[in-house]
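Asks: So that you can map any letter, position 273 of the sequence shown is 273 in this note's numbering, and since no number is skipped, the others follow by simple counting. Note that beta-carbon positions come from the ideal geometry of N, C-alpha and C, so glycine has one too.
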Amino acid sequence: MYKLLILLFYFSATIAAQTPVQTYKNPVIPHDFPDPSVIRVGEDYYAAGTTSDLAPSYPVYHSRDLVNWERIGAIFNDPPAWIQGDCWAPELFYHNGTFFAYYTARKKSDHISCIGVATTKDITKGFEDKGPLIEWGSEAIDAFVFKDEDGQLYITWKAYGLDPSRPIEILASELADDGLTLVGEHFTLTDHSKGWRGNGDEGQVVLKRNGYYYHFYSVGGCCDNRCDYRIEVARSKSLRGDWEQYAGNPILEGGDLWKCSGHGTIVQSPEGRYFYLYHAYHTYDFEFIGRQGLLDELLWDDEAGWPYFKYGRNPSLQAEVPFANTVQKRETQFYDNFATPEKDKYWLWDMNLPRPVLTKNNGKLTFASEGIGFCFRGVNVQTGNYTMETAVRNEGCHLKGVCVYGNSTNLFTIGVEEEKVKLYQIEKGNQTELFSRTVDAPEIYLRVESINARFFRFSWSTDQQAWHAFPDGPTALDGIFLPQWGKGVRAGLLIDAKQAGDSGTFSYFLLDNKY
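Okay, here's the thing in structure tokens:
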């Protein structure tokens with residue numbers, strides 16, 4: 001019997017040693033998803049992120065395992081009337097059966113960014129806006145809400161970012177239990193008069209553990225290919241007290257494949273593990289794709305009292321899944337045949353342009369513009385190598401087709417205009433016609449190929465078999481001008497209306513991301 005037990009133990013140990021560790025690969029949200037916020041409600045995780053000037057504003061995602069995320073809606077399907085744009089850094093919070101979203105937006109009235117608040121009982125149905133909550137000088141951005149052990153709520157924010165006469169500070173205030181009102185006097189978490197060393201601090205998170213308040217914050221440049229974003233941490237025995245900045249900072253910074261990591265939030269699993277959802281740029285695709293959503297586990301050195309990331313100071317490329325039996329899934333192809341509303345939640349439009357007017361009938365999409373000029377409707381891309389394709393009716397004297405979109409003044413578009421296939425480049429608002437060909441066919445197929453994020457080739461066909469490319473041969477057009485500060489490039493449909501109501505009729509849209 002003793003020998004049998006020894007053999008059973010040996011075989012069990014051998015099998016356990018041979019059992020592979022289940023892993024996932026970063027990113028977990030593979031497209032432009034800056035400044036992510038994440039919360040847990042029971043077994044459900046919810047995340048939201050920046051959309052800048054695209055709408056619906058602040059997309060909302062759901063997950064049960066922190067690895068696989070599904071888009072379930074947005075904080076605002078229609079931006080509040082007082083918002084001009086710069087829809088940044090939404091922060092989700094759940095309290096007394098209500099979901100709160102504290103978000104940054106620029107006001108139409110004075111063009112100053114402030115922090116608003118919105119609420120909902122059902123996060124899948126969007127939020128009701130309650131208007132601005134924090135208006136602070138020339139700018140107030142990057143809210144984070146913290147509930148202390150005694151139940152008191154606090155809200156923190158970045159202040160003085162546009163004030164040349166003083167350093168940036170992270171400020172805080174008590175928050176009423178209804179989550180909608182500040183209470184008492186504000187105070188600072190980054191007191192420069194007491195030795196705080198700051199470098200544009202923002203994107204803060206506060207949590208309490210083992211008697212210490214820990215303050216995680218991002219420093220450095222965030223938002224273009226010159227960035228050097230990174231995460232630092234400080235601690236204090238009192239939220240209003242003196243903060244000790246960690247001598248080992250930064251605790252997370254860019255590595256070989258992922259650059260400029262920062263501005264995320266921390267969520268605890270039911271077992272008490274800490275996970276940080278944050279953004280970073282892919283080294284090769286960079287700002288053409290934007291800041292993508294990454295996940296890494298945060299551990300603690302209980303002897304020293306400081307946190308560290310499980311896989312070191314650089315974003316992990318591959319990591320152990322948070323929950324056993326998790327299989328990471330990735331949808332690399334986006335296809336919309338316009339027959340159902342299933343894909344509608346993924347489409348975006350530019351708040352600075354006329355809103356698209358859409359009609360679906362018999363598997364066709366009629367895409368019209370409410371105004372004159374460009375009207376754009378697009379989706380996020382996942383990688384620098386992709387193709388998009390559509391078919392559009394060859395009718396009307398205005399342009400309708402597909403578009404690689406930085407913003408309304410920086411784009412490539414190939415479409416049908418006056419029974420011709422035309423290709424335009426718009427750079428800093430200057431429009432150049434690159435190609436024009438008369439085509440006698442009722443429907444034209446259009447295709448765009450992105451090569452290494454920056455280079456593009458355009459094609460058209462009358463039968464989806466014989467494709468005619470521009471430029472000819474192996475050359476491609478340089479799109480270095482497309483990315484705008486802090487925003488990824490989108491792919492989608494475009495109308496250049498000569499009068500309100502001009503439209504295009506499309507049969508399908510395909511975006512094929514190639515990893």
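Which one of P56, I29, R197 has the shortest CA to CA distance from N352?
Replies: As a position in the sequence shown, residue 352 is number 352, starting the count at 1. Of the listed residues, the one whose Cα sits closest to N352 is P56.
Asks: Taking I289 as part of the alpha helix (DSSP H), name the residues at either end of that continuous run.
Replies: For this step, residue 289 is matched to residue 289 along the sequence shown. Where I289 is concerned, the enclosing alpha helix (DSSP H) stretches over 286-289.
Asks: When we look at the beta-carbon of L180 and count the other beta-carbons within 10 Å, is it buried (16 or more) or exposed?
Replies: Taking the first residue of the sequence shown as 1, we reach residue 180 at position 180. Burial check for L180: the Cβ neighbour count within 10 Å stays below 16, so the residue is exposed.
Asks: Could you tell me the alpha carbon to alpha carbon distance between M1 and D65, rounded to whole angstroms?
Replies: Sequence index remark: in the sequence shown, residue 1 carries index 1 (1-based). Sequence index remark: in the sequence shown, residue 65 carries index 65 (1-based). Per-residue confidence for M1 stands at a pLDDT of 47, beneath the threshold of 50, marking its modelled position as unreliable; no derived number is given.
Asks: Which runs of the beta strand (DSSP E) at least 3 residues long sit entirely within the stretch 423-498? Give them in chain order.
Replies: 430-438, 443-451, 455-461, 468-470, 490-497
Asks: Among the residues of its own chain, which have a CB less than 6 Å from the CB of T366, if the five just before and after it don't count?
Replies: The sequence position of residue 366 within the sequence shown is 366, counting from 1. Contacts found: T359, S503, T505.
Asks: Let me make sure I understand the geometry here. Which of L348, A324, G363, V321 has the alpha-carbon closest to that of A339?
Replies: Translated into the one-based positions of the sequence shown, residue 339 becomes position 339. Scanning L348, A324, G363, V321 for the CA closest to the CA of A339 turns up G363.
Asks: Within 8 Å, do at least three Cβ pairs link the stretch 233-246 to the stretch 289-299?
Replies: no
Asks: Terminal residues of the continuous beta strand (DSSP E) containing R313?
Replies: Counting from 1 along the sequence shown, the entry for residue 313 is found at position 313. For R313, there is no enclosing beta strand (DSSP E), as DSSP marks it with neither H nor E.
Asks: Only counting the same chain, and skipping five residues up and downstream in sequence, which positions put a Cβ closer than 6 Å to that of P167?
Replies: Sequence index remark: in the sequence shown, residue 167 carries index 167 (1-based). Hits under 6 Å: H192, G198.
Asks: To which residues of the same chain is D478 closer than 7 Å at the C-beta, ignoring the five residues directly before and after it?
Replies: Along the sequence shown, one-based indexing puts residue 478 at 478. Excluding sequence neighbours, D478 sits near R454, F455.
Asks: Do you know how far the Cα of P442 is from the Cα of T104?
Replies: Working through the sequence shown from its first residue, we reach residue 104 at position 104. Working through the sequence shown from its first residue, we reach residue 442 at position 442. Approximately 46 Å between the Cα atoms of the pair.
Asks: If distances are taken between C-alpha atoms only, which option among A47, D110, I72, D150 comes closest to Y102?
Replies: Stepping through the sequence shown from its first residue, residue 102 is reached at position 102. Comparing Cα-Cα distances from Y102 to each of A47, D110, I72, D150, the minimum goes to A47.
Asks: By the three-class DSSP mapping on this structure, what secondary structure does K237 have?
Replies: Here residue 237 refers to the residue found at position 237 when the sequence shown is read from its first residue. It is coil, neither helix nor strand.
Asks: Only counting the same chain, and skipping five residues up and downstream in sequence, which positions put a Cβ closer than 7 Å to that of L423?
Replies: Position 423 of the sequence shown holds residue 423. Closer than 7 Å at Cβ, skipping near neighbours: I414, L434, F435, F458, F470.
Asks: What's the call for W467, buried or exposed, on a 16-neighbour Cβ count within 10 Å?
Replies: The residue given as residue 467 occupies position 467 in the sequence shown. By the neighbour-count rule (16 or more Cβ atoms within 10 Å), W467 is not buried but exposed.
Asks: Apart from the five residues on each side of it in sequence, which residues of its chain come closer than 6 Å, Cβ to Cβ, to T124?
Replies: Within the sequence shown, the letter at position 124 stands for residue 124. Closer than 6 Å at the Cβ level, and outside the excluded window around T124, lie I72, G73.
Asks: What does a CB cutoff of less than 6 Å around R106 pick up in its chain, not counting 5 residues either side in sequence?
Replies: Along the sequence shown, one-based indexing puts residue 106 at 106. Only Q84, G85, D86, S113 meet the Cβ criterion.
Asks: Can at least three beta-carbon pairs, one atom from the stretch 25-39 and one from the stretch 269-288, be found at a separation below 8 Å?
Replies: yes
Asks: I'd like to know whether the C-beta atoms of E370 and L399 end up nearer to each other than 7 Å.
Replies: What you label residue 370 is simply residue 370 of the sequence shown in a count that begins at 1. What you label residue 399 is simply residue 399 of the sequence shown in a count that begins at 1. Not a contact, by the Cβ cut-off of 7 Å.
Asks: Going by DSSP, name the residue or residues bridged to R393.
Replies: By 1-based counting over the sequence shown, the position of residue 393 is 393. E443.
Asks: Under 6 Å Cβ to Cβ from Y405, same chain only, skipping five residues before and after it: list those, please.
Replies: Taking the sequence shown and counting its residues from 1, one reaches residue 405 at position 405. So the list reads F376, G378, L411, R490, once near-sequence residues are dropped.
Asks: Going by beta carbon distance, what residues of the same chain come within less than 8 Å of D78, once the five residues before and after it are set aside?
Replies: Within the sequence shown, numbered from 1, the residue matching residue 78 stands at position 78. Hits under 8 Å: A55, P56.
Asks: What does the alpha-carbon distance come out to for the pair N452 and E320?
Replies: On the sequence shown, position 452 is the one that residue 452 refers to. On the sequence shown, position 320 is the one that residue 320 refers to. So the two alpha carbons sit approximately 29 Å from each other.
Asks: To the nearest angstrom, how far is it from the Cα of L510 to the Cα of Y213?
Replies: Reading the sequence shown from its first residue, position 510 is the one you call residue 510. Reading the sequence shown from its first residue, position 213 is the one you call residue 213. The alpha-carbon atoms of L510 and Y213 are separated by roughly 48 Å.
Asks: Between E303 and V205, what straight-line distance do the alpha-carbon atoms span, to the nearest angstrom?
Replies: The residue labelled residue 303 in the question sits at position 303 within the sequence shown. The residue labelled residue 205 in the question sits at position 205 within the sequence shown. Looking at the two C-alpha atoms, the distance is approximately 22 Å.
Asks: To the nearest angstrom, how far is it from the Cα of Y94 to the Cα of G161?
Replies: Taking the sequence shown and counting its residues from 1, the one referred to as residue 94 is at position 94. Taking the sequence shown and counting its residues from 1, the one referred to as residue 161 is at position 161. So the two alpha carbons sit approximately 28 Å from each other.
Asks: Look at the alpha carbon of Y311 and the alpha carbon of I251, and state the distance between them as a whole number of angstroms.
Replies: The sequence position of residue 311 within the sequence shown is 311, counting from 1. The sequence position of residue 251 within the sequence shown is 251, counting from 1. One C-alpha to the other measures close to 11 Å.
Asks: Cβ atoms of E169 and T541: under 7 Å apart, would you say?
Replies: Nothing in the structure corresponds to residue 541, since the chain is present only between 1 and 515.
Asks: Just how far apart, CA to CA, sit N325 and Q268?
Replies: If you number the sequence shown from 1, residue 325 lands on position 325. If you number the sequence shown from 1, residue 268 lands on position 268. Each residue's Cα considered, the two are about 19 Å apart.
Asks: By a C-beta neighbour count over all protein chains shown, 10 Å radius and 16 as the cutoff for buried, is N513 buried or exposed?
Replies: Within the sequence shown, the letter at position 513 stands for residue 513. Per the 10 Å Cβ criterion, buried.
Asks: T432 to S450, Cα distance in whole Å?
Replies: Indexing the sequence shown from 1 puts residue 432 at position 432. Indexing the sequence shown from 1 puts residue 450 at position 450. Answer to the nearest angstrom: the Cα atoms are 20 Å apart.
Asks: Taking the alpha-carbon positions, what's the C403 to T390 distance?
Replies: Position 403 of the sequence shown, counted from the first residue, corresponds to residue 403. Position 390 of the sequence shown, counted from the first residue, corresponds to residue 390. Taking the straight line joining both Cα atoms gives about 11 Å.
Asks: On the CB-based measure, 16 or more other CB atoms within 10 Å of its CB, does C222 come out buried or exposed?
Replies: Position 222 of the sequence shown, counted from the start, is the residue given in the question as residue 222. Counting of Cβ neighbours within 10 angstroms places C222 among the buried residues, the total reaching 16 or more.
Asks: At which residue ranges does the stretch 186-262 contain complete beta strand (DSSP E) runs of 3 or more residues, listed in the order of the chain?
Replies: 202-209, 212-219, 230-236
Asks: Pick from Q499, R330, D344: whose alpha carbon is nearest that of G373?
Replies: Position 373 of the sequence shown, counted from the first residue, corresponds to residue 373. The shortest Cα separation from G373 among Q499, R330, D344 belongs to Q499.
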